[in-house]
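As structure tokens, the structure follows; a few thoughts come after it.
There are 2 protein chains.
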Amino acid sequence: MPDPAPASLDPEDWDAFAATAHRMVDTAIRHTRGLRDRPLWREMPAATRRLFAAPLPLVPTPLATVCDDVRDHILAYPLGNAHPRYWMWFMGASNLTGAIGDFLAAVNASNLHGGNHAARLVDDQVVRWLAEIAGFPATAAGTLVSGGSVANLIGHAVARHAFAAARGIDLRQDGVVALAPRPRVYCSAQAHGCHQKAAEVLGLGNVSLRRIPTGPDLAMDMDALGTAIAEDRRAGWAPATVVATAGTVNSGAIDPLPGIAELCRREGLWFHVDGCIGALAALAPRHRHLVAGIEAADSLALDPHKWLHAPFELGCALVRDGTALLRTFSLTPEYLKGATRGIAAGTAHHLCDLGLQTTRGFRALKLWMSLREHGANHFGALIDRNIDQARLLACRLEAAGVEVHRPVGLNIVCFRHRVPGLDAAAMQQFNREVMIGLQEEGLAAVSDTVLDGRHYLRAAIANHRTADADIDLFVDAFLRAARRRALSPAG
Amino acid sequence: MPDPAPASLDPEDWDAFAATAHRMVDTAIRHTRGLRDRPLWREMPAATRRLFAAPLPLVPTPLATVCDDVRDHILAYPLGNAHPRYWMWFMGASNLTGAIGDFLAAVNASNLHGGNHAARLVDDQVVRWLAEIAGFPATAAGTLVSGGSVANLIGHAVARHAFAAARGIDLRQDGVVALAPRPRVYCSAQAHGCHQKAAEVLGLGNVSLRRIPTGPDLAMDMDALGTAIAEDRRAGWAPATVVATAGTVNSGAIDPLPGIAELCRREGLWFHVDGCIGALAALAPRHRHLVAGIEAADSLALDPHKWLHAPFELGCALVRDGTALLRTFSLTPEYLKGATRGIAAGTAHHLCDLGLQTTRGFRALKLWMSLREHGANHFGALIDRNIDQARLLACRLEAAGVEVHRPVGLNIVCFRHRVPGLDAAAMQQFNREVMIGLQEEGLAAVSDTVLDGRHYLRAAIANHRTADADIDLFVDAFLRAARRRALSPAG
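Here the protein sequences line up with chains A and B, keeping their order.
Heads up: take any position in the first sequence, counting from 1, add 5, and you land on our numbering.
Heads up: take any position in the second sequence, counting from 1, add 5, and you land on our numbering.
Here you go:
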């Protein structure tokens, strides 16, 4: 006989639950407070891998045991991006206030697809704050998403819809086969892979994306862009959209935003800015001039889980003409229709009318809390500091004889240790081994990439915990590791 | 002069931070413990709306004040879905262990796009657990996403890619214009709007989606499906995919899964199941037979933030042939290339190769914790209970003379109070007013919909806190409200 009245998922013993929850808060504080004193990363032991190989648990385990496992097997083996010397893949470092925000969002439990409740208003407010940072007008609309890839996908989708609408084509009904002549989208050869993914997902195909060469600064070459557009017009394509990158992932290069804005106006093209890496520099008083021009974008992708350090996931797509966003996605079915009173009342549109999702979590809260706690000015100062630190790192490395790729873009430094007598492949292996050695020591994390056909190590500093002393510490450790490797028999 | 060394986002006073964090844990527990004793929902006061109209905060506010605001202005005005008598829009009710999971995920801070760390393994494990629940083979792959709409979008994208690949078309390169003959996708007239959104986003257009009529049970009519496929073949379409719904949002109807599976095999079509509402009934011993057939799907969308009550957002797309998922999305760029040692080492593919996102949060943890805490069997018992409660509600309403739409599908009851002498429009208004009145009283939340052209109220019971006594309490309140309204001058 099945249990006729199974208990809810609420704790059966509230005091025991409270004790465990408080213990995990203390664990979290201890974990965060001790970040600097622990290795940035370490390999997982067999017992941890075994735990994560177990099949579906059918019977209960005490919550306290589950929490011990989280502490011993999960918190103990992180990616490392919360550590002050993590400058590897481009991402933020999270923060405890944001973590409380995610906890309280789950306690609040509301679904933000729509409805008349506080979380919905906070979401609206956070989108307005981000539009304010970007310098967008009050007519803009936006939507909080999982991150930059989906934010860019949404920009591409709105651009595609606007392209069709301007030609009287019912894209949503008829699909992209109705688009004639076929639209072409331009981005730099250094643009993020998510733009290819967007072109593919949207059914335009990778062929619709034309990659424009970059200059020595790895920013889009405006002459090449102009030539490509003219060529395409002659060849029967319909130039549609230019994607400018404000901070490339490889080197932090910023495409010439005002020039592209002007070209788009002149040529009647949609101006999309991928600002996932750099747009939030608009908050930084000493460097905001670097991203001047983002405020002219028709659509802008940004990533508060990078330089605002919101715990994952928090991206945002902003669209200058808010109605264009709504027209691209709105699909309010019968059972979600608005009302003037009660839970379904409230606003002109549901949030699910602005993007891919129906159900929407309360991702806004973590950022709402930390922007209020610290104030936006403080985030601006932290961004300024990271950009300064990248320049400091470049100078220190050069002073020590390490080759640095110039110019240093925004907050990303690409560099390599040159070893006399090694060919390109051997030098790549040498630098990679030094990089991996520093990871295995748990001392620092940088990544590697290829620029102008040459292999470089790459430090992307978007980390509120990085102190200037960490730059020196890294340079010393890097040189020591390189020397050790150069002397070793395997070197 | 700017501050030369701004503080990190870590607390300056750790003890004060700890005190606030502990206080919010107590607040969260009190909030959850008191759910049943507070109104399900209430209108927000002007002060709350004012707070959420403020511009970007530039200067700091003490965290304790921010937390007070969350308590007084956000937790106090939720959507209501955590309340035991919320049966309105289809969603889960969250749970405190899941909330701790979201907190610890943010503390762990890892990005799950890839890399060699514990969170990545937990994500893999949770996907395997969900595949195990669905009865999928070990060759399956899956990806955790924001919810059902994206899970279904991913199913459609993989189906589209497989359709092209089988015909030697390079869809990712050439786009959907290369698909000739054009693919057609079938779903029931009761399918969720996200399938239209998927067809539009993927560039196939709404025209590619053919809606098949339903029988009196509101499930797909197999004869009509067969006829439509034959018609389409004659007309030059290429039938490509059948989307079966395991639990429609309107009425909980379940399309004939084994029949559709068999038809897809015979006709060489992709078999996608939208199981966002019903697939997790596979966990429920007394009702799993209702969704038999989902294990035969080529792709399956499911939503652990519904019947497993994971805090939002947690959806999942499963694909029977895991390589098909990878081939649809994988796009690993230079700077994310794998390694055999260090942070980038580990697995054959990055998680970002399996979907739309690059950055990926640790959504798996909340479910990993609560599945371990309660055991999957307990979730099965709770699902059985919700289905029983829907049947109980239908019987109680009928016994009281309320019209119930039969058959009752899964856990959704559609009903209406018939008032002699009122035409259809007046009866709709009558029922809606009763519905909104119960929301405004904070007593219960149901929604409304249209079935067979008639307006019904709709109770969708996917709530671990609902007790059988809540069914009786609702029926009494509903009848009382209806009587009151029938007697009122405005009635």
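Beta carbons: idealized from backbone N, C-alpha and C, even for Gly.
Is residue i close to chain A, meaning its C-beta is less than 8 Å from at least one C-beta of that chain?
i: aspartate 225 of chain B; result: Before going on, a small fix: residue 225 of chain B reads as methionine here, not aspartate. No - not a single Cβ of chain A is within 8 Å of the one on methionine 225 of chain B.
i: leucine 419 of chain B; result: Sequence check: residue 419 of chain B is cysteine here, not leucine. Output row for cysteine 419 of chain B: interface = no.
i: alanine 467 of chain B; result: no
i: glycine 140 of chain B; result: no
i: serine 99 of chain B; result: yes
i: isoleucine 476 of chain B; result: no
i: valine 451 of chain B; result: no
i: leucine 295 of chain B; result: no
i: histidine 410 of chain B; result: no
Taking residue i as the reference, which of the options has the closest Cα?
i: alanine 183 of chain A; options: B/Ala203, B/Val212 and B/Ala169; result: B/Val212
i: threonine 454 of chain A; options: A/Gln433, A/Gly347, A/Arg470 and A/Ala467; result: A/Gln433
i: phenylalanine 22 of chain B; options: A/Trp19, A/Leu14 and A/Asp31; result: A/Asp31
i: threonine 232 of chain B; options: B/Gly298, B/Ala266, B/Pro218 and B/Leu223; result: B/Pro218
i: histidine 405 of chain B; options: B/Val413, B/Arg421 and B/Gly414; result: According to the sequence provided, residue 405 of chain B is alanine. The question's histidine does not apply to it. Out of B/Val413, B/Arg421 and B/Gly414, B/Arg421 has the C-alpha closest to the C-alpha of alanine 405 of chain B.
i: alanine 297 of chain A; options: A/Glu267, A/Pro316 and A/Cys192; result: A/Glu267
i: valine 131 of chain A; options: A/Glu236, A/Asp473, A/Ala472 and A/Arg377; result: A/Arg377
i: alanine 322 of chain B; options: B/Arg54, B/Trp134 and B/Ala26; result: B/Trp134
i: threonine 328 of chain A; options: A/Ala143, A/Phe483, A/Glu408 and A/Ala430; result: A/Ala143
i: isoleucine 138 of chain A; options: A/Leu288, A/Phe317 and A/Val248; result: A/Leu288
Is it buried or exposed for residue i, if we count other Cβ within 10 angstroms and need 16 for buried?
i: leucine 63 of chain B; result: exposed
i: histidine 122 of chain A; result: buried
i: proline 16 of chain B; result: buried
i: glycine 360 of chain A; result: buried
i: serine 493 of chain A; result: exposed
i: arginine 368 of chain B; result: buried
i: arginine 239 of chain B; result: exposed
i: aspartate 457 of chain B; result: exposed
i: glycine 153 of chain A; result: buried
i: glutamate 205 of chain B; result: buried
i: proline 7 of chain A; result: Low confidence applies to proline 7 of chain A: its pLDDT is 48, below 50, so where it sits in the model is not reliable, and the reading given next is rough at best. Exposed, since its Cβ has fewer than 16 Cβ neighbours within 10 Å.
i: proline 316 of chain B; result: buried
i: alanine 196 of chain B; result: buried
i: glycine 252 of chain A; result: buried
Strictly under 8 Å for the Cβ-Cβ distance: is residue i near chain B by that measure?
i: valine 75 of chain A; result: yes
i: methionine 432 of chain A; result: no
i: threonine 246 of chain A; result: no
i: serine 304 of chain A; result: no
i: cysteine 199 of chain A; result: yes
i: aspartate 286 of chain A; result: Contrary to the premise, residue 286 of chain A reads as alanine rather than aspartate in this sequence. No, because no Cβ of chain B sits closer than 8 Å to the Cβ of alanine 286 of chain A.
i: glutamine 444 of chain A; result: yes
i: valine 182 of chain A; result: yes
i: tryptophan 312 of chain A; result: no
i: phenylalanine 479 of chain A; result: no
i: glycine 257 of chain A; result: no
i: arginine 390 of chain A; result: yes
i: proline 309 of chain A; result: no
i: tryptophan 92 of chain A; result: no
i: arginine 239 of chain A; result: no
i: leucine 68 of chain A; result: yes
i: histidine 292 of chain A; result: no
i: arginine 377 of chain A; result: yes
Taking the DSSP output, what are the residues bridged to residue i?
i: proline 309 of chain B; result: According to DSSP, proline 309 of chain B bridges with nothing at all.
i: glycine 231 of chain B; result: DSSP, once it has assigned bridges, lists no residue as partnering glycine 231 of chain B.
i: arginine 28 of chain B; result: For arginine 28 of chain B, which the question treats as bridged, DSSP gives no partner whatsoever.
i: glycine 147 of chain B; result: B/Leu323
i: aspartate 279 of chain B; result: B/Thr250 and B/Ala306
Segment contact, 8 Å Cβ cut-off, at least three pairs: the region 97-107 of chain A with the region 111-120 of chain B: yes
Stretch-stretch touch, CB-based, cutoff 8 Å, three pairs: the region 158-166 of chain A with the region 373-389 of chain A: no
Three CB pairs or more closer than 8 Å across the region 169-184 of chain A and the region 281-301 of chain B: no
Residues in the region 200-234 of chain A having any Cβ partner in chain D nearer than 7 Å: This model lacks chain D altogether, as its protein chains are A and B.
Three CB pairs or more closer than 8 Å across the region 440-456 of chain B and the region 82-90 of chain B: yes
Inter-stretch contact at 8 Å, needing at least 3 Cβ pairs: the region 275-284 of chain B / the region 307-317 of chain B: yes
Segment contact, 8 Å Cβ cut-off, at least three pairs: the region 412-426 of chain B with the region 245-259 of chain B: yes
Segment contact flag, the region 185-193 of chain B with the region 241-255 of chain B, C-beta cutoff 8 Å, min 3 pairs: yes
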